[in-house]
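Residue numbers (my numbering), protein chains in the order written: chain W, 448 to 1064; chain D, 448 to 1064; chain X, 3 to 350; chain G, 3 to 350. Every residue gets a Cβ at the ideal spot worked out from N, C-alpha and C, and that includes glycine.
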Amino acid sequence: MTTSQLSAQAEPATQSARGANYIVNDFSIQIATVNGSGSQSANSVLLRSIFRMGIPVSGKNLFPSNIAGLPTWYTIRVSKDGWVARKAHIDVLIAMNAETAREDVLSLSAGGAVIYDESLKLNELRSDLAYYAVPFDQLATTTGADAKIRKLVKNMVYVGVAAKLLSIDMEAVEQTVRKQFAKKVKAAELNLNAVRVGYDYVASTLTKHDPYVVERMNATAGKIIIDGNSAAALGAMFAGVTVVPWYPITPSSSVVENLIDLMKKHRVDANGKASFAIVQAEDELAAIGMVLGAGWAGARSMTASSGPGISLMAEFAGLGYYAEIPGVIFDVQRTGPSTGLPTRTSQADLTFVAGISHGDTKHVILLPGTVRECYEFGLEAFDLAEQLQTPIFVLSDLDLGMNNWMSEPFEYPEKPMNRGKVLNAEQLEKLGGFARYKDVDGDGIPYRTLPGTDHPLAAYFTRGSGHNEKALYTERPEDYENNMLRLARKFDTAKKLVPKPILQGTGKEKVGIIAFGTTHWAVIESRMQLERENQLATDYLRIRAFPFTQEIHDFVAKHDRVYVVEQNRDAQMLSLLKIDLDPVQLVKLHSILHFNGLPIDARFVTAAIATHQGAGK
Amino acid sequence: MTTSQLSAQAEPATQSARGANYIVNDFSIQIATVNGSGSQSANSVLLRSIFRMGIPVSGKNLFPSNIAGLPTWYTIRVSKDGWVARKAHIDVLIAMNAETAREDVLSLSAGGAVIYDESLKLNELRSDLAYYAVPFDQLATTTGADAKIRKLVKNMVYVGVAAKLLSIDMEAVEQTVRKQFAKKVKAAELNLNAVRVGYDYVASTLTKHDPYVVERMNATAGKIIIDGNSAAALGAMFAGVTVVPWYPITPSSSVVENLIDLMKKHRVDANGKASFAIVQAEDELAAIGMVLGAGWAGARSMTASSGPGISLMAEFAGLGYYAEIPGVIFDVQRTGPSTGLPTRTSQADLTFVAGISHGDTKHVILLPGTVRECYEFGLEAFDLAEQLQTPIFVLSDLDLGMNNWMSEPFEYPEKPMNRGKVLNAEQLEKLGGFARYKDVDGDGIPYRTLPGTDHPLAAYFTRGSGHNEKALYTERPEDYENNMLRLARKFDTAKKLVPKPILQGTGKEKVGIIAFGTTHWAVIESRMQLERENQLATDYLRIRAFPFTQEIHDFVAKHDRVYVVEQNRDAQMLSLLKIDLDPVQLVKLHSILHFNGLPIDARFVTAAIATHQGAGK
Amino acid sequence: MSTTPVTPKAIKTNRIGLQILDYRGGKTTLCAGCGHNSISERITEAFYEMGIQPERVMKMSGIGCSSKSPAYFMSRSFSFNSVHGRMPSVATGALLANKTMRSIGVSGDGDTASIGMGQFVHLMRRNVPMIYIIEDNGVYGLTKGQFSATADMGSKLKTGVVNDLPAIDICALAIQMGATFVGRSFSGDKKQLSTMLKAALSHQGTVLLDVISPCVTFNDHEGSTKSYKYMQEHEEAVSEVGFVPYFDDIAVEYDASTTVDVQLHDGSHMRLRKIHDDYNPTDRANAVKMLMDVHEKGEVLTGVFYVDTQKPDFTTLLNMVDEPLATLPQERTRPGREVLTAIMEAHL
Amino acid sequence: MSTTPVTPKAIKTNRIGLQILDYRGGKTTLCAGCGHNSISERITEAFYEMGIQPERVMKMSGIGCSSKSPAYFMSRSFSFNSVHGRMPSVATGALLANKTMRSIGVSGDGDTASIGMGQFVHLMRRNVPMIYIIEDNGVYGLTKGQFSATADMGSKLKTGVVNDLPAIDICALAIQMGATFVGRSFSGDKKQLSTMLKAALSHQGTVLLDVISPCVTFNDHEGSTKSYKYMQEHEEAVSEVGFVPYFDDIAVEYDASTTVDVQLHDGSHMRLRKIHDDYNPTDRANAVKMLMDVHEKGEVLTGVFYVDTQKPDFTTLLNMVDEPLATLPQERTRPGREVLTAIMEAHL
Ligand SMILES: Cc1ncc(C[n+]2csc(CCOP(=O)(O)OP(=O)(O)O)c2C)c(N)n1
Ligand SMILES: Cc1ncc(C[n+]2csc(CCOP(=O)(O)OP(=O)(O)O)c2C)c(N)n1
Ligand code: SF4
Ligand code: SF4
Ligand SMILES: [Mg+2]
Ligand SMILES: [Mg+2]
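And the structure:
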């Protein structure tokens, strides 16, 4: 089942509190602009103003792989029920880009609204839409803003227009703008003024004739809005990360760029000295090499990258596995090679990362599905890396990492850091030395020492897998095999330590769904749709880590049919499941795949499952 | 089931033509030396002399990862039945290395023979062996050779000693030496003299009291002895390879080093001009980059490497897949990272290579199991690469690539080269242009042009997957998805073009075995053992390529139980099968894994299957 | 050349009857004002003016704003936008396959001096016959403005972050490593850049042109040493570059005491009129020293620093047949049956 | 230091009471006569003589015969034999984690100048505080004798194959790229190498020592420019290197007109007595020029070419706390509860 085989169906209109004429708190807005035009802060004001009114929202930025001048779409989904996945259909369009305006209008939902620059003359394209022509340039001039910044001001004008048309509280807008420009009072006033100009224009000139409105709710109190990369950076900071070599690459750069800001604020001591080193490496080979060097020497070290950079790390990743060195690698997944769709989302690095490097390597992977998990796994990954003495990959994606998501606020870590099995000089003295690769505790995890440990028996020689238990060079077949078996045992131990999957549903349905990462959001919405429209109750298990824990095996065992939904072409999660699950269970698994670079949406999942269930009946 | 859980059992002694006291043409000889001592040519003389007597042989060199001074073992298996897999047990030991002599003797089969330097005093170690003490230094002096080369001469002395003790024809030895030193008559005489000194010493001083002898047969006529890397080089030369960037790495270096010699001889024209470019690159990233550049520009291009180098190629390999560029990559597999066991064999790059690179990549892999296939697939790979417009990986291993194997001679390619779908200027003129990524023929393979094609519509812009059918940049979801689906179709087309698996057995047994690459040799011997000792008849399918062809699905479908035998820890072939086979079939599959760096042997396979069959009954 | 459209009289054409239009590329997607766009224009002109058949040209690049620019000139040429930092190997491979093609590579300072350093050095060392242009803006444009390894010590990002690592002088490095035609120019200096490109097209060997090309979005502010303003204030030409193409019969006079005349491989002449005192474009060690000395002073030298027309290029060293390897017929790449037979006999 | 064994009087010990035995490594597995083994001995001695606690030392390497050698000296130090060509990054990471450690890296010419070029350049540029030794034999020893990128043009393999690409002068490159202590020596020159190593141990910044180290198995024949014989005939010291460690109170006289005295970071003094005319160990551009000039003549310059004691090393630039980052307690690496609360509020 692939994307193009299914066309999304429009949502059934929900009854409005204001009466049948309105659709309240359940629609999506798309702002079509070009990148580099500075619309981001306007879009953010729009998003956060609605959020401030207590209404669940989500924002997704669809941007091109260049710096300025190409079409960009920002979509705000307003959903009283709290659905935050991408919604394929758009209800309200703010058409600021002449280049795409035609196509944008043509793809709107019937009954939709179009706010557009009057020069674009879009109102002749379709008769089933509500049109609002706005003389943006003229209004921008009215604001009295400098010619230099008039382009930016224009963006704030559309915020005002939308606010009035959609009944967004000006009070909420005002608070949002003041918060967003907290340190720049003048800019705040300027922007607010522009908003008002837009607002007033509508009030004085236009009549609303579309059904989309917002109404205050109380569904966002105490919630935060944040992107996954900022959350991951927070996790890393509170995990006590100290060494961060990196190399810029979209969509992972902001993990480290956020971290830099955070660390400069919160990890510099009274003398101005840093408890960290963040280094822009010359490439990803160097970044991962530094991570391993630092991890070997005892630091909590991480890097962040995306597909092409991850590919370059393959040799070192294997060395990390074999030489048993902690380190954390965030892979914020995107689509294809560098000249693929680098600014589109994907979940297609999974199988590659699971076994990255030649030879028998296996890697532990964490799979955050929420911004909160970006934070929590960001924390957790460092404990796991040091406990397991191995590189830990955290697989996020562009949708999670770069888009804005609502979330419960994050909790301060209560557990102290777990620095793993490290022997100090006193312990060595008591033990009379140690064998670096001996499985003392039966969990496959050996003890290590850190460079500088002040004991004549502390040192050992680190190399790949060509060593015996005492870290001495050997080519003996038995030693090699035993070491490989221990590494496999260690991987088994990982199963006990990684985050468990999360079950939703009664646990007693016949049909199960498995998903991971951002696919989650489409799946939970789809479950509601399936239940409502197809009378199909489902259970749902969200996988949060590789290797697979027992719950995953049990889930499949307990269901008659299990849909594995993911955002890649090659059914990567399904493949890993096939390798690991009891073979008798595998007939139950069915793949639902989405891989066109856009975030998966609920309608796609629902249609695929409904069709398949129909066929399977 | 792992190596150490099973200990090999001694072969039942076979009846000798000379009477019950002899074991004829069915034993193994191990020469224990240190590397850098020049024993290679002596060992080769021994191997080839027996071969020249018409007796099937195989030779395996177990060498350390350094240049000189560490223990090295060369094993010659003499097998009238033509078994050439490694045999775990050694019958005749030539102990030249004091460091390992004790252990070497202790690991001999009962009733074995030991030829050793008298100074080593090994004869007190065990009472169940036949000992032959030889004063090697003294004999070497007797030869009258210069002090400088006496060390080398000593090696030839043990050839003479073994020849006499094992009844190897001196005539065969003489012919072998003369052929080996064809261009150095003096060296031939010197060596022959040393052989005779050893021979005469035994004749005059020692009495044979072990059972191992050779007797002329007629089982090697017309056969050649060659290593897989030389064979692969031959294949590449006759495939018309033109651009060969490479970076040295054991055990792949000799692919290119042999190729250099061959090309200098056979691919330089009368004016001394080369029809090729072989370039030592600065690393494997550069090597694969040059392969892609050359393949894009229309050349038949290849490189050869091993695990660490293959890992470094990950990003480019993905680009090759997405940008659809032909190229051939030989991966001569070894064990672990660079500091693993780089001079030991392995089949552990399979899953990594099958999906090498981030994103949804899939690669075509050829899996030679014989030296002849190294040649044939060496040829085939270039046709496939150009037909499919994609990188083709040829997975050999150290055992196949660097050891000596008997083979039928190779056949001259009768098919003309298939250069794939390339449009020239006239065709373009007729067609009025072309769309680089359009699936004109429904096989997923588009047409391409080569740089320099003299037509204004010939050029196109090559990038990864961010393009439409016309090779123009796009970020449209539909275009992206369609292109990905076409690539998947192309991969399906590959199934029709790759070498089919080979079936052995009636095809009607209940138990099947699947293997690939060098595991083949242990499996065929094991089938005989299973049939003879366990009354277990088996069918056997040797997989020769990925993606899997229909025959593989059918084979599994037709059998009740199928053992997948391979030389890695993680059951890599089994994993790929699990992903691709009909899930209902998977319960039948069982893994037999060998991963201690030594080539797998038949006894290991037999014991594993016998045990499992017992358990399964 | 049968496919070249017949041109009506009025339209301006070059030596081989093509219009400038035939050398144009796709519409740029780079920022308005980006230096890279000016360089694309100069490249277009140079190939047009030298009358080079576009189909005989390979345009190679890595990844970055700069590396996109081959899409914006000469659409009739063959182009390969490869991976980040590894264009040198791809370009080398393509030239080995077809040494009869001309090759122009476009890279960025990040693409070359950071991730690409290894391959870059080895391309120079091999003297691979191509024009290698670095569109040098001191930052990673496409990933939004981080410092690259050519950023000068002390230069500032928009955010105020100061670079505390020394800049790599890519020209000094290229000369040391073996490139045979090395110069620097500025995207804003039409005349110099055009002349240097045309001369580069006449050279057989590695031409390395480091073209300062301001990033208007991320590195064109006060405190940047790669801004238009900084370049206007600190550019110092080491020589005036003149060029007389081989197909111009005009004998241009020059003063031998102030001007070095270099005859290039295709018979064209490059005339380098000294401006800088230490200037000697044929002395490698001296050229490196001059660059290092001047760099310390904060000046940006431009011009042709070094040229060597004697050193054989890489394809020559390999002693290949004259025709492209890519399209040699089977008869010339598959040895005969008797060769295999003989080899098999040797292994009997 | 409680764990240091008490030594009976008669046995020779160093400043910190350790015997030379405490600095020994495992038995070498390199070829008898390999230059690398001599270098291991010199390293052992230098650390012993300088009285450096072995546990305070990290031994880093890539892949190659040379890169194995850390196993053959100082077993009481911590060692990381990493991957081919990427030791610089691993060493950098380790020093970031623990800048209080000393770091010595051993690499080969293949490991550094071929596959490792990218990382090498950037290590130099950062002036990472470590001693980086290239055991330079002009070939890949461990893969059986192919040319590396430091092989001289025209030098011959045993098989007769001639190298037709120019050698990379790794010292000239290191100086240009920013290393702050750059010299060349010869594995056979005990005195010079020992002295340079001891001085190197007193320097805070990147020390690059290119040590010609003949490969007796693959590159010690006639026609090689990296053989013992060639070195004996062509070595030309640029200066005599003297060293007065900080813990020796002796004031050694020297002639300031012929000798440059360099005070190193730990207070030791290096005395460089000029032999070569152009010698000025504090002039970067000049040092590069001298090396390039001499290299053309086929001579092999040895000695300390360049030293800069002013430039801050990389760990200093990063302005880290004094203690190793690796072992900072949780209180210093996990900000307090109130920090998270405030951040959460900002995102409300
Ligand atoms: C392996 C890899 N790492 C990182 C990236 C992300 N990336 C794209 S362009 C770029 C830097 C480009 O800088 P430069 O070469 O200076 O070009 P500019 O954009 O400044 O012209 C980076 C880091 C990538 N595409 N591939
Ligand atoms: C990625 C990778 N490529 C290739 C190799 C094979 N290899 C091992 S050592 C070596 C060259 C070593 O040369 P050099 O650094 O000069 O060291 P030497 O042995 O001469 O001391 C190579 C190519 C490897 N281990 N890893
Ligand atoms: S970001 Fe900079 S380099 Fe990139 S296109 Fe814009 S101005 Fe040019
Ligand atoms: S091969 Fe050469 S470099 Fe390697 S150990 Fe032997 S002599 Fe040394
Ligand atoms: Mg740049
Ligand atoms: Mg070397």
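- Placement of the Cβ of X:Gly-37 at a distance of less than 8 Å from at least one heavy atom of ligand 3 is found.
- Residue environment analysis places D:Lys-611 among the buried positions, since at least 16 neighbouring C-beta atoms fall within 10 angstroms of its C-beta.
- According to the DSSP assignment, D:Met-749 belongs to the beta strand (DSSP E) that extends over 749–752.
- Within chain X, no C-beta atom comes less than 8 Å from the C-beta of W:Glu-972; the nearest is roughly 33 Å away.
- Under a 10 Å Cβ-count criterion, D:Gln-976 is classified as buried, with 16 or more other Cβ atoms of the shown protein chains found around its own Cβ.
- Interface annotation, X:Tyr-74: not in contact with chain W, CB-CB separation never under 9 Å.
- For X:Pro-90, the number of other beta carbons within 10 angstroms of its own is at least 16, and it is reported as buried.
- Contact annotation for D:Met-664 against chain X: no contact, minimum CB-CB distance about 16 Å [criterion: below 9 Å].
- Between W:Leu-567 and W:Ala-545, the CB-CB gap stays under 9 Å.
- For G:Gln-332, the nearest beta carbon of chain W is closer than 9 Å to its own beta carbon.
- If you check the C-beta of X:Phe-220 against ligand 3, you find a heavy atom less than 8 Å away.
- With a threshold of 16 other beta carbon atoms within 10 Å, G:Arg-339 falls short and is exposed.
- For W:Glu-729, the Cβ stays outside the 8 Å cut-off from all heavy atoms of ligand 5.
- Between the alpha carbons of X:Gly-156 and X:Ser-71 lies a distance of about 29 Å.
- Contact between D:Gly-745 and D:Leu-870 does not hold, since the beta-carbon distance rounds to 12 Å and is not under 8 Å.
- Proximity of W:Ser-512 to chain X, defined by a Cβ-Cβ separation below 9 Å, is satisfied.
- With a 10 Å radius around the Cβ and a threshold of 16 neighbouring Cβ atoms, W:Leu-847 comes out buried.
- Boundaries cannot be given for G:Ile-22, as no alpha helix (DSSP H) includes it and DSSP labels it neither H nor E.
- Counted as a single uninterrupted DSSP element, the stretch harbouring X:Asn-129 is not any beta strand (DSSP E), since DSSP gives it neither H nor E.
- Of the residues G:Leu-98, G:Met-60, G:Lys-61, G:Tyr-50, the one whose Cα lies closest to the Cα of W:Ala-734 is G:Leu-98.
- Proximity of the beta carbon of D:Val-703 to ligand 6 is not indicated: no heavy atom of the ligand is located closer than 8 Å.
- Taking all protein chains in view, the Cβ of D:Ile-803 is crowded by 16 or more other Cβ atoms within 10 Å, so the residue is classified as buried.
- For X:Met-119, the chain G residues whose Cβ falls inside 9 Å of its Cβ are Met-119, Gly-120, Gln-121, Phe-122, Val-123, His-124, in order along the chain.
- The CB of G:Ile-170 never comes closer than 9 Å to any CB in chain W; the least such distance is about 18 Å.
- Around the Cβ of G:Lys-101, a 10 Å sphere holds 16 or more other Cβ atoms; the residue is buried.
- Taken atom to atom, the span from the alpha-carbon of D:Val-688 to that of D:Arg-819 is near 18 Å.
- As DSSP reads the structure, X:Asn-139 sits in no beta bridge.
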